[in-house]
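Down below is the structure, laid out as structure tokens.
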Amino acid sequence: MKTQTTVSEITHDDLVNLFSTALYGSNYLSASYDERIDEDDDDCYEDVLAKILLSGGKIQITDYYAEGCDYGNLPRRMDEDENYTYTVTLEDIKTGLAKAANGTFNSQSKDFVEDERRFAKRAFDSFVTEACDFDLTYADCLMQIILFNEIIYG
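Residue numbering for the sequence shown follows my numbering, beginning at 56 and increasing consecutively.
See the structure below:
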């Protein structure tokens, strides 16, 4: 049997969960935004990122491990320290999550393709079911697939 996952909708809380889990403990990813939206007094940073995306806007996510190497097809720019900043939309997130669920992302290592696909599927399932095991490792896996269309940093 073969199934195909399509992410048709993602909620504000889903985005907040993804960003807070992926970015809070990350040594190499950070998010920023240029767009202005109506913020509530109790909005956290991740709330603002989610609101921007859900209103059709774009956010930027910077890879501080890039060392001049970029991946995937998202729009990006390199800074003077050879870090890459990727521009991300809500559709990019939906597409990346679907690729994680379906195992249709690129793989760097032909020896570990199936291991990477299984891990990405577990990460996706944990995220979708809001399991208590959705942690930085799973969130990082999903963010790498969203940004790079592959798992670069194992």
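Each residue gets a CB set at the ideal place from its N, CA and C atoms; glycine is no exception.
Under DSSP, V143 forms a beta bridge with I114. Taken atom to atom, the span from the alpha-carbon of Y100 to that of L152 is near 21 Å. Looking at the DSSP output, R131 sits in a beta bridge with Y141.
Taken in chain order, the whole alpha helix (DSSP H) runs of length 4 or more contained in the stretch 56-105 are 67-79. Contact between the stretch 113-120 and the stretch 73-88 is present, with at least three C-beta pairs closer than 8 Å.
Cβ-Cβ separation between L202 and Y141: approximately 5 Å, consistent with a contact (criterion under 8 Å). Cβ-Cβ distances below 7 Å link F174 to C196 in the same chain, with the five nearest sequence neighbours on each side left out; the list follows chain order. Shortest Cα-Cα distance from L104 to any of L129, Y126, A77 and G127 involves A77.
Nearest to E135 by alpha-carbon distance, out of T184, A121 and E185, is A121.
Every alpha helix (DSSP H) stretch that sits fully inside the stretch 144-174 and reaches 4 residues is listed by chain position as 145-157.
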